[in-house]
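Below is one structure, written out as structure tokens; the observations come after it.
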Amino acid sequence: MAEMAYRGTADYLADEDLLYSVNIAAALGRPLLVKGEPGTGKTMLARSVAQALNMPLYIWNIKSTSKARDGLYVYDTVQRLYDSQFGDRDVSDIKQYIKLGQLGQAFLCEQRAVLLIDEIDKADLEFPNDLLWELDMMSFYIPETGETITARHRPVVIITSNAEKELPDAFLRRCIFHYIAFPTPEMMARIVRVHFPRLEEKLLAAVLEAFYALRAVPGLQKKPSTSELLDWIQALVLGGITPEKLQKEIPFLGVLLKKNQDFDLALRRLAAGRPPEKTRYSWN
-3 MAEMAYRGTA
7 DYLADEDLLY
17 SVNIAAALGR
27 PLLVKGEPGT
37 GKTMLARSVA
47 QALNMPLYIW
57 NIKSTSKARD
67 GLYVYDTVQR
77 LYDSQFGDRD
87 VSDIKQYIKL
97 GQLGQAFLCE
107 QRAVLLIDEI
117 DKADLEFPND
127 LLWELDMMSF
137 YIPETGETIT
147 ARHRPVVIIT
157 SNAEKELPDA
167 FLRRCIFHYI
177 AFPTPEMMAR
187 IVRVHFPRLE
197 EKLLAAVLEA
207 FYALRAVPGL
217 QKKPSTSELL
227 DWIQALVLGG
237 ITPEKLQKEI
247 PFLGVLLKKN
257 QDFDLALRRL
267 AAGRPPEKTR
277 YSWN
């Protein structure tokens, strides 16, 4: 446990519960399943862990078409067919057409690595169960070559989910679970300070007040996230926006809201909550 002492990094602030979850998962050799709304730092957690523990990072981005075998290996039959027709390579050596996926590469890494399986809930319902054996046994078989790949070191596996669909119970039982709640204003202020250490205190206060008021608008399809807040602050600084101006309008609203319906809803709701003569909005 001591050698796996993850304590966060300079650009990633993690609370005590998250630090505990990471270190327990690493010590037990169990995958860490991280849930939370988009923009709460789930993906960046893996980068932070790899940086803090000086480990290589392998990222497996899951799509709706992803299959469990894709992370293990891919047999490039198209290249083999092409070589048999036009190349001068010995196509009987099938091993040269086996390309290891991110999971396979993490298994064969010379040192312990961090493996991020990002947005597992995008795949079909069978995907998590198909991974169970490999994640438990830390090995997999390649029938095309008759070779078994066994992990040299058990990677630190971090799996993210946006909770778009439920994951199988059998899979959940094998994971350490952590939910990253959206940062409180106090925590968000600390995060902003990491990226903008010289930001004026009054401007920071005005930014956070406007940001959380916007997130509180009922019915938003996509609430602004931490990354969008940081982009917005950058835009405000570049635009020379003052705290006083933020009390009267919300400049560059398009940096925070990305859907037309949210635009219209926010404008109506925010306008209704302020005296009409003092309400102005801009997003250019």
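The opening residue of the sequence shown carries number -3 in the working numbering; numbering runs sequentially from there. Note that the Cβ used here is the ideal one computed from N, Cα and C, for glycine as well. Nothing here was measured: the structure is a model prediction, and the numbers come from that model.
Indicate whether at least one CB of chain B lies closer than 7 Å to the CB of residue i.
i: ALA21; result: Absent from the structure: chain B. Only one protein chain is present.
Are residue i and residue j close, meaning C-beta to C-beta below 7 Å?
i: ALA201; j: LEU242; result: no
i: GLU160; j: ASP117; result: yes
i: LEU49; j: GLY100; result: no
i: TYR71; j: ILE94; result: yes
i: THR5; j: SER44; result: yes
i: PRO151; j: ALA102; result: yes
i: ILE172; j: SER17; result: yes
i: THR144; j: LYS38; result: no
i: ALA64; j: LEU128; result: no
i: LEU14; j: HIS191; result: no
i: ASP66; j: GLY97; result: yes
i: PRO124; j: LEU77; result: no
i: ALA185; j: ILE246; result: no
i: ALA109; j: PRO27; result: no
Out of the options, point me to the one whose CA is closest to residue i's CA.
i: ASP227; options: LEU253, PRO214, LYS218, ALA147; result: LEU253
i: ASN283; options: LYS218, THR222, ARG211, PRO247; result: Within the shown structure, residues of the chain are numbered from -3 to 280, placing residue 283 beyond reach of any answer.
i: SER62; options: LEU24, GLU122, ASP79, GLY100; result: GLU122
i: LEU104; options: ILE90, LEU77, SER135, ILE20; result: SER135
i: PRO214; options: LEU249, ALA177, LEU261; result: LEU261
i: GLU197; options: ILE229, LEU249, ARG169; result: ILE229
i: ARG265; options: PRO247, LEU210, LEU14; result: LEU210
i: PRO220; options: LEU199, LEU234, PHE259; result: PHE259
i: GLY142; options: PHE167, ASP84, ASP89, GLU115; result: ASP89
i: GLY25; options: LEU216, ALA1, GLY235, HIS149; result: HIS149
i: GLU115; options: GLY83, ILE58, ARG85; result: ILE58
i: PHE167; options: SER80, ALA23, GLU130, GLN75; result: GLU130
From residue i to residue j, what does the alpha carbon distance come to, in whole angstroms?
i: THR222; j: THR36; result: 7 Å
i: VAL87; j: GLU140; result: 13 Å
i: PRO34; j: MET40; result: 11 Å
i: LEU232; j: LEU225; result: 10 Å
i: VAL153; j: TYR8; result: 18 Å
i: LYS274; j: LYS244; result: Because LYS274 sits at a pLDDT of 37, beneath the cut-off of 50, its placement in the model cannot be relied upon, and the following sentence gives the value as read from the coordinates. Approximately 6 Å between the Cα atoms of the pair.
i: ARG276; j: PRO193; result: Legend: pLDDT at ARG276 = 42, less than 50; position of this residue unreliable, no value from coordinates given.
i: VAL251; j: LEU263; result: 14 Å
i: GLU106; j: LYS91; result: 20 Å
i: ALA10; j: ARG3; result: 8 Å
i: ASN19; j: ALA212; result: 34 Å
i: ALA46; j: LEU111; result: 9 Å
i: ILE293; j: TYR208; result: Because residue 293 is not part of the residues shown, which for the chain are -3 to 280, the question remains open.
i: GLU240; j: LEU195; result: 15 Å
i: SER278; j: ILE237; result: Here SER278 scores only 40 on pLDDT, less than 50, and its place in the model is too uncertain to base an answer on.
i: ASN280; j: THR146; result: Annotation note: pLDDT 36 at ASN280 (below 50); position unreliable, no value reported.
i: ALA1; j: LEU199; result: 36 Å
i: ALA22; j: LEU216; result: 37 Å
i: ASP79; j: THR73; result: 10 Å
i: PHE248; j: LEU204; result: 15 Å
i: GLY83; j: GLN75; result: 10 Å
With H, G and I counted as helix, E and B as strand and the rest as coil, what does DSSP make of residue i?
i: SER88; result: coil
i: GLU12; result: helix
i: PHE248; result: coil
i: SER157; result: strand
i: GLU140; result: coil
i: LEU131; result: helix
i: LEU204; result: helix
i: LEU49; result: coil
i: ILE116; result: helix
i: LEU96; result: strand
i: HIS191; result: helix
query: Between the stretch 170 to 181 and the stretch 18 to 32, do three or more beta carbon pairs fall short of 8 Å?
result: Contact holds: three or more Cβ-Cβ distances are below 8 Å.
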